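Structure, as structure tokens:
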Amino acid sequence: MVRTALAGKALNRGPVRGATYWPAFSVAAASLLSALPIVSLSGWWPSFGLLTFIAWRMLRADAWPAWWAAPLGLFNDLMTGAPIGMSMALWTAIMLVMDLVDRRTQWRDYWIEWAVASLLIAASAWVEAEVASLNGAPVRSAMAMPAALIEILTFPLAAFVAIRIDRWRLGR
Amino acid sequence: MAAPAGARPGWSRRAQYSLFFGFLAAVAGLIVGLILLGLSIVSPSSYQVVRGVALDVMSPATVALSDVTATAGGLVSGAGNYWDAAEQNAGLKAQNAQMRREIVKANAVLQENRQLKAALRLREERREAVATGRIVGSSFQSPRRFAILSVGTSDGVQIGMPVRAADGLVGRVIDTGSGTSRVLLVSDRANVVPARIMRGGVPVISTGRGDGTVDIRPLEVGRNPFKRGDIIVTSGTGGLYPPLVPVARVIRLDDDGAIGLPLADPSEASFALVEPPYEPAAAADAPLPERR
Chain A
47 MVRTALAGKA LNRGPVRGAT YWPAFSVAAA SLLSALPIVS LSGWWPSFGL LTFIAWRMLR
107 ADAWPAWWAA PLGLFNDLMT GAPIGMSMAL WTAIMLVMDL VDRRTQWRDY WIEWAVASLL
167 IAASAWVEAE VASLNGAPVR SAMAMPAALI EILTFPLAAF VAIRIDRWRL GR
Chain B
944 MAAPAGARPG WSRRAQYSLF FGFLAAVAGL IVGLILLGLS IVSPSSYQVV RGVALDVMSP
1004 ATVALSDVTA TAGGLVSGAG NYWDAAEQNA GLKAQNAQMR REIVKANAVL QENRQLKAAL
1064 RLREERREAV ATGRIVGSSF QSPRRFAILS VGTSDGVQIG MPVRAADGLV GRVIDTGSGT
1124 SRVLLVSDRA NVVPARIMRG GVPVISTGRG DGTVDIRPLE VGRNPFKRGD IIVTSGTGGL
1184 YPPLVPVARV IRLDDDGAIG LPLADPSEAS FALVEPPYEP AAAADAPLPE RR
């Protein structure tokens, strides 16, 4: 048994350098994906930054200090071309709401996390539509609903990616 | 799995304080975010510089990635073209002959037109494009319809300039970085284009629908003047867009208007021209980039 432990890669594995910063870094990287040369006529692609952000917050309450949400959101606004301040306010609000959810829920499993994430995603889509209509471009619900649905269905993928990054950064 | 116990750092006073001040900072961040959002709704032009810098930060990645996909796409469609080359060849030959006949006709009309204009002493203004760029990206994650264009202030592009492709109108510039700019597409819901039907010249208004199509309404209420297949061209009213640029083709009628498909598809158009505003005064006194 000792020999097998020595032969494997299980020894000398610890957190990678800068393990504290990898969650925030991965959210910023997901925001940067908006630079992909995709020209879409409907805008139904999921918002990668938001999904990664919610996935990390679902996984860990201490992925980053709560106030980091503001600079991360500002970066997302700048990269995606959203009205400046929208993700900043929205993501900070998500951090605060999730603190409440953490206090209130007695039990957590896959389905509850997905349900809470779906509510957060739907609320974000609603805020985004409201801000767009204040900016003179009212969003039809026929356009906003599929986008939110696609985002909800893509969430498990983002959660999976967050879990893999988490394992890698902690060296597990 | 039981729910996480919440952020309770134990008995350490230092940890408790840092958690508490973190919470205060988060609330402050929320308030600052709301203020910035309010400012970007009330006066969007206050962020022009910041947005320009953000565009410049992104532009190397966007332009390089778009080159890669263009090359890959070219390989695929190139192979597809070889597949039925013979049939395509015959079709193109027939088209070529047809075009040649039409060019002769058009040349005759052009010459006649020139003579008539000379007789009327109409001065013809030459409009030259400010810059030529490629559409390298879009706002594929948001309900708004923006595109990223690969030219910026270093090429002479300024906020408010109209953008067109060979097939028709693309939109207008709303943000400029030094090497890239952001374009409000014709299909965005905030983009209103004064236009008219090419057949008959009935004045209409084209508004984006956010899903790649435009909503076209006649200015005068009454009988629905549209027919399927009608071409909508800009009227030049308002002075931003030059007249007679094709905007859309009518694909469906509804009770008092029609739905049109923009003729310049931003995902297909390889080049886009940035032109100076049709009447420079329009860009100066009407703060067009405000509406976004």
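For the protein sequence lines, the chains are A and B, in the order given.
Numbering-wise (my numbering), the first sequence opens with residue 47 and increments by one.
Numbering-wise (my numbering), the second sequence opens with residue 944 and increments by one.
Glycine included, every Cβ here is placed at the ideal spot set by N, Cα and C.
Since this is a predicted model, take the numbers as computed values, not measurements.
- Task: Can you pull the chain A residues whose beta carbon is under 8 angstroms from the beta carbon of S1210 (chain B), in chain order?
- Result: Near S1210 (chain B) (Cβ distances below 8 angstroms), the residues of chain A are V85, S86, L87.
- Count the other CB atoms, across all protein chains shown, that sit within 10 Å of the CB of R215 (chain A); report buried if there are 16 or more and exposed otherwise. Burial check for R215 (chain A): the Cβ neighbour count within 10 Å reaches 16 or more, so the residue is buried.
- Query: So with Cβ pairs under 8 angstroms, would you call V162 (chain A) a contact of chain B?
  - Reply: For V162 (chain A), the answer is no, since every Cβ of chain B falls outside 8 angstroms of its Cβ.
- Item | Limits of the alpha helix (DSSP H) - the one that I1175 (chain B) falls within | For I1175 (chain B), there is no enclosing alpha helix (DSSP H); the enclosing beta strand (DSSP E) has its first and last residue at 1174-1177.
- Tell me, please, which residues DSSP counts as bridged to A1201 (chain B). Its beta-bridge partners are B:I1159, B:L1196.
- Message: In the DSSP output, which residue or residues are listed as bridge partners for L1112 (chain B)?
- Response: Bridge pairing for L1112 (chain B): B:R1107 [DSSP].
- Item | Three-state secondary structure (DSSP) of W41 (chain A) | The shown model of chain A, from 47 to 218, leaves out residue 41 (chain A), and the question about it has no answer.
- Task: Counting only the same chain and skipping the five closest in sequence on each side, list residues whose C-beta sits under 6 angstroms from that of A204 (chain A).
- Result: If we look at A204 (chain A) and ignore the five residues flanking it on each side, its Cβ neighbours are L97, T98, A101.
- Which residues does DSSP pair with F1089 (chain B) in a beta bridge? For F1089 (chain B), which the question treats as bridged, DSSP gives the partners B:L1127.
- Query: Are the beta-carbon atoms belonging to L1206 (chain B) and V1190 (chain B) less than 8 angstroms from one another?
  - Reply: Cβ distance < 8 angstroms, so L1206 (chain B) and V1190 (chain B) count as in contact.
- Item | Neighbour flag for L180 (chain A) against chain B, beta carbons, 8 angstroms | Yes, L180 (chain A) lies at the interface with chain B (some Cβ there is under 8 angstroms from its Cβ).
- Query: Do S1081 (chain B) and S133 (chain A) come within 8 angstroms of each other at the CB atom, strictly closer than that value?
  - Reply: No. Outside cutoff.
- Query: Does A101 (chain A) come within less than 8 angstroms of chain B when only Cβ atoms are used?
  - Reply: Judged by the 8 angstroms Cβ criterion, A101 (chain A) is not in contact with chain B.
- According to DSSP, is D1208 (chain B) helix, strand or coil? Correct three-state label for D1208 (chain B): coil.
- Task: Would you mind sorting M1042 (chain B) into buried or exposed? The rule is 16 or more other CB atoms within 10 Å of its CB.
- Result: Classification of M1042 (chain B): exposed, given that the 10 Å Cβ count is below 16.
- Message: Quick check: the Cα distance between R1088 (chain B) and G89 (chain A), rounded to an integer number of angstroms?
- Response: Within the model, the alpha-carbon separation for R1088 (chain B) versus G89 (chain A) is close to 7 angstroms.
- Given P1219 (chain B), which residues of its chain have a CB within under 7 angstroms of its CB, disregarding the five upstream and five downstream residues? These residues qualify, in order along the chain: V1073, M1104.
- Whose Cβ in chain A lies nearer than 8 angstroms to the Cβ of R1125 (chain B)? Neighbours of R1125 (chain B) on chain A, chain order: G127.
- Message: Suppose the cutoff is 6 angstroms on Cβ atoms and the five residues either side in sequence are ignored; what does the same chain contact list for G1155 (chain B) look like?
- Response: Here the set comprises S1130.
- Does the distance from the C-beta atom of T1123 (chain B) to that of D1208 (chain B) stay below 8 angstroms? For the 8 angstroms CB-CB criterion, T1123 (chain B) and D1208 (chain B) do not form a contact.
- Query: Which residues, in chain order, does the region 997-1022 of chain B contribute to contact with chain A at a C-beta distance below 7 angstroms?
  - Reply: For chain A, the residues of the region 997-1022 of chain B that bring a beta carbon within less than 7 angstroms of one of its beta carbons are A997, M1001, A1004, T1005, L1008, S1009, T1012, in chain order.
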